[in-house]
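Report on the structure given below.
Protein chains: 2
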Amino acid sequence: MVAPARRLLILTEGQWHVHNAKTAMGVIRYGTEEVVALLDSTIAGRNVAEWMPGHDIPAVATLEAAMALPSPPDTLLIGIAPTGGKLPESWRGTILGAIRAGLAVHSGLHTFLGDDPEFAAAARAAGVEIVDYRRPPERRETAVGRKHRPGSRSILTVGTDCAIGKMSVALELRRSALKAGDRPAFVPTGQTGMMIEGWGVAVDRVISDFVQGTVEWLMEQAEARGDWVIVEGQGSLDHPAYSSVTLGLIHGATPQAMVMVHKPGLAEHDFDHLPDASFPIARLPDFIALHETVAGLVAPSKVVGIALNTSLYPDEAEARRIIEWTESETGLPAADPVRFGADDLWPAIRRRVEALPWVVANDARGGA
Amino acid sequence: MVAPARRLLILTEGQWHVHNAKTAMGVIRYGTEEVVALLDSTIAGRNVAEWMPGHDIPAVATLEAAMALPSPPDTLLIGIAPTGGKLPESWRGTILGAIRAGLAVHSGLHTFLGDDPEFAAAARAAGVEIVDYRRPPERRETAVGRKHRPGSRSILTVGTDCAIGKMSVALELRRSALKAGDRPAFVPTGQTGMMIEGWGVAVDRVISDFVQGTVEWLMEQAEARGDWVIVEGQGSLDHPAYSSVTLGLIHGATPQAMVMVHKPGLAEHDFDHLPDASFPIARLPDFIALHETVAGLVAPSKVVGIALNTSLYPDEAEARRIIEWTESETGLPAADPVRFGADDLWPAIRRRVEALPWVVANDARGGA
Chain A
59 MVAPARRLLI
69 LTEGQWHVHN
79 AKTAMGVIRY
89 GTEEVVALLD
99 STIAGRNVAE
109 WMPGHDIPAV
119 ATLEAAMALP
129 SPPDTLLIGI
139 APTGGKLPES
149 WRGTILGAIR
159 AGLAVHSGLH
169 TFLGDDPEFA
179 AAARAAGVEI
189 VDYRRPPERR
199 ETAVGRKHRP
209 GSRSILTVGT
219 DCAIGKMSVA
229 LELRRSALKA
239 GDRPAFVPTG
249 QTGMMIEGWG
259 VAVDRVISDF
269 VQGTVEWLME
279 QAEARGDWVI
289 VEGQGSLDHP
299 AYSSVTLGLI
309 HGATPQAMVM
319 VHKPGLAEHD
329 FDHLPDASFP
339 IARLPDFIAL
349 HETVAGLVAP
359 SKVVGIALNT
369 SLYPDEAEAR
379 RIIEWTESET
389 GLPAADPVRF
399 GADDLWPAIR
409 RRVEALPWVV
419 ANDARGGA
Chain B
59 MVAPARRLLI
69 LTEGQWHVHN
79 AKTAMGVIRY
89 GTEEVVALLD
99 STIAGRNVAE
109 WMPGHDIPAV
119 ATLEAAMALP
129 SPPDTLLIGI
139 APTGGKLPES
149 WRGTILGAIR
159 AGLAVHSGLH
169 TFLGDDPEFA
179 AAARAAGVEI
189 VDYRRPPERR
199 ETAVGRKHRP
209 GSRSILTVGT
219 DCAIGKMSVA
229 LELRRSALKA
239 GDRPAFVPTG
249 QTGMMIEGWG
259 VAVDRVISDF
269 VQGTVEWLME
279 QAEARGDWVI
289 VEGQGSLDHP
299 AYSSVTLGLI
309 HGATPQAMVM
319 VHKPGLAEHD
329 FDHLPDASFP
339 IARLPDFIAL
349 HETVAGLVAP
359 SKVVGIALNT
369 SLYPDEAEAR
379 RIIEWTESET
389 GLPAADPVRF
399 GADDLWPAIR
409 RRVEALPWVV
419 ANDARGGA
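The listed protein sequences derive, respectively, from chains A and B. First residue of the first sequence: 59, per the numbering used here; consecutive thereafter. First residue of the second sequence: 59, per the numbering used here; consecutive thereafter.
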């Protein structure tokens, strides 16, 4: 999936303020393509820079306003990732309008827009493409127990909740690894990561029997792309709805090391479907040990660092105190890679990975 | 999916002797429909009773021989469950021949026979039905954290490997519960269980994002069918290829109790894709504790009994010694339900479930 550079109009209508817009934010923060505007009437006239400093992107109310910009968009990107991945019915008219105006449509929803007869017919008529990033690969294989390429290193981001930054942390680690002169490869396992990187698989869309086999196959591809394979994690091992996808990633990727992503101040999973259901966020030391045990059922792995999301603590000094406190609580290097960068965290992680006995043994297997 | 009583011809060609024929064996042992013959040229002239005493079912070499039986079949059932669920190409002619001879086709493969243009056209021409048991439900929802109906009890069979009898144990427990005057409901989660019961979902075929939500929905249906909900487990928590499906069942069903199925004498997972990969079978006490920890991430659960598959120990006295030894090793009631029945195990399990604090609390929630 290699596409020419695009000019994106990101649809977030009414959703920019909720975490459902994490696709939009991820593409703005880490994507390589130009984002010309947000399409969101509830914040029209405002600018993304208000919430994400450094990103000068206007919000417009209508498609017409977007097309009147000095650099008009050529692609409409669906910027939300709602639970269950369904298309809000109210967006149908907007998407049809965009197609008829000659825009390609990029979507990460479970509902495949390209399979919708009305959208498909309009796209054919307008000569534009509909890309459904969540469409699973044709390949359907169960895992075979593949070992890593000797000389490769593999790190998976895991977390204490979903939507707290596992993808962002992986991308920040990749950035710091590149700066340090290493040869990293980022493995996208969700639609936003795929939109940013142009390859990967949305593993939550794969038939469950083939999740581990598909992730194993992604690892094979990644180990051909780089030496430090950094895999985007999904969900959390204790999430009532998504834990099986999380475990499929852990046992499919068989990462030699894990980085635990955690959002201090969050008390419960963002999972409020039922009034009397409450699912607390795990405590770090226990959860770290559990991850090592569970991963170790298939292949040994160790948590080598903590990536905190300190966004609930606007005061920078307080955020830094929390990072220090986490280091002493866990005995592991910690940082907030999105807020303060991962340049200090990366070498600390790197050193720990290199010393893992199973990394040394895997190198010896094939002569690194 | 309620069908009239059928006369089944089970296709196992060349596979009867390997565990791939577990679908055939499950349907023969637990199904309510008449099995008139096996279609398997490699054992033609022999009888299922040689391997499964009490089941007088001839093996025939050809469809013609099957149709010449005093009670000819009206349905061809695909009796294997190969890794990856693909159709052996060599069976294509046999299936087409059966359709043309007027037989319905029942299959649990991942490859949907009803979507095959050649099979579909032949079925239309012959006026027969193709049933693909693994076809997932249209419903696509993530889990919402549903609680159990007060007064209901839920038990999931888990195991130290796949294909060692989790479905059979669940069915034997159901049988003993019925005898004891309880109101059990068996929940089929795989194609063989569905063929036996006529409802359920093959969860390994569900899109991974919806596994837990689908199992939660199965539990809701089962709690309307009975008071003792006994769920067929899948895979094992330490299986390199299938653990994510296993966890999806655990966190989707949120069973109040689990029964651990174990096959003494088995050293490694039956997983021989790669020469240098070896995945040992877990030790029971550690594995029991791990299941309780992992299940407890979402809802509390306890292993209340051990179901052994002693088929590697033909000597009955030795098998009984192993059962006793397992009881002392784990402190839990143990039995081989398939070999010796579950009539003693059921009341021991039942008593333990009734005493669980979260069972008592759930009853109090709604007035049982």
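Glycine included, C-beta positions come from ideal geometry on N, C-alpha and C.
- Neighbourhood of Arg-263/A in chain B, by CB distance below 8 angstroms: Ile-265, Ser-266 and Asp-267, in chain order.
- In chain order, Ala-201, Gly-306, His-309 and Gly-310 place their CB closer than 6 angstroms to the CB of Gln-270/B, counting only its own chain and leaving out the 5 sequence neighbours on each side.
- For the region 148-176 of chain A, residues whose beta-carbon sits nearer than 8 angstroms to a beta-carbon of chain B comprise His-168.
- Following the DSSP letters along the chain, one finds Gly-389/A in no beta strand (DSSP E), marked with neither H nor E.
- Neighbours of Gln-270/B in chain A, taken as residues at a C-beta separation under 8 angstroms, are given in chain order as Pro-298, Ala-299, Tyr-300, Ser-301 and Ser-302.
- In summary, Gly-103/A is exposed, with fewer than 16 beta-carbon neighbours lying within 10 Å of its beta-carbon over all protein chains present.
- Under the Cβ distance rule, Phe-329/B counts among the residues neighbouring chain A, one pair being separated by less than 9 angstroms.
- Under the DSSP definition of a beta bridge, Ser-165/A partners with Asp-190/A.
- Annotation for Glu-91/A: Ala-63, Arg-64 and Leu-66 place their beta carbon closer than 7 angstroms to its own, counting only its chain and skipping 5 residues before and after.
- For Thr-215/A, the enclosing beta strand (DSSP E) starts and ends at 211-217.
- For Phe-337/A, the residues of chain B that pass the 8 angstroms Cβ criterion are Gly-203 and Val-356, in the order they occur in the chain.
- Ala-82/A is positioned such that its CB atom lies no closer than 9 angstroms to that of Ile-157/A.
- Taking the beta carbon of Gly-142/B as reference, the chain A residues within 9 angstroms of it are Arg-198, Glu-199, Thr-200, Asp-267, Phe-268 and Gly-271, listed in sequence order.
- With a beta-carbon spacing of about 6 angstroms, Met-318/B and Ile-346/B fall inside the 8 angstroms limit used to define contacts.
- Closer than 9 angstroms to the CB of Gly-310/A there is at least one CB belonging to chain B.
- In terms of beta-carbon proximity, Leu-324/B stays away from the interface with chain A, with every pair separated by 9 angstroms or more.
- For Val-216/B, not one C-beta of chain A is nearer than 9 angstroms to its own C-beta.
- Ala-353/B and Ser-301/A have their C-alpha atoms roughly 11 angstroms apart.
- In its chain, beyond the 5 residues on either side, Asp-98 and Ile-101 have a beta carbon closer than 6 angstroms to the beta carbon of Trp-74/A.
- Under the DSSP assignment, Thr-272/A falls in the alpha helix (DSSP H) whose first and last residues are 269-283.
- By the C-beta density criterion, Ala-377/B is buried, having at least 16 other C-beta atoms within 10 angstroms.
- Of all residues in the region 226-256 of chain B, none is placed with a Cβ closer than 8 angstroms to any Cβ belonging to chain A.
- Short of 7 angstroms from the beta carbon of Gly-160/A, and not among the five residues preceding or following it, lie these beta carbons of its own chain, in chain order: Ala-184 and Val-186.
- Between Pro-391/B and Thr-272/B, the gap from beta carbon to beta carbon reaches 9 angstroms or more.
- In the structure shown, Leu-366/B adopts extended strand secondary structure according to DSSP, grouped into three states.
- The Cβ atoms of His-349/B and Leu-295/B lie closer than 9 angstroms to each other.
- Annotation: Met-225/B to Leu-134/A spans about 48 angstroms, alpha carbon to alpha carbon.
- Following the DSSP letters along the chain, one finds Trp-416/B in no beta strand (DSSP E) but inside the alpha helix (DSSP H) bounded by residues 415-424.
- In this structure, Gly-166/A sits away from Gly-151/A, with a CB-CB distance that is not shorter than 9 angstroms.
- The alpha-carbon of Leu-276/B is positioned some 14 angstroms away from that of Ser-210/B.
- Using a CB distance cut-off of 9 angstroms, Asp-334/A counts as an interface residue toward chain B.
- Within the model, the alpha-carbon separation for Met-125/B versus Thr-215/B is close to 39 angstroms.
- Glu-71/B sits buried, since 16 or more C-beta atoms from the chains shown fall within 10 Å of its C-beta.
- Not a single C-beta of chain B is nearer than 9 angstroms to the C-beta of Val-317/A.
- Comparing alpha carbon positions, the residue from Asp-285/B, Phe-244/B, Ala-393/B and Glu-326/B closest to Ala-228/B is Phe-244/B.
- A check of alpha carbon separations from Ser-234/A across Trp-416/A, Phe-398/A and Leu-414/A identifies Phe-398/A as the nearest.
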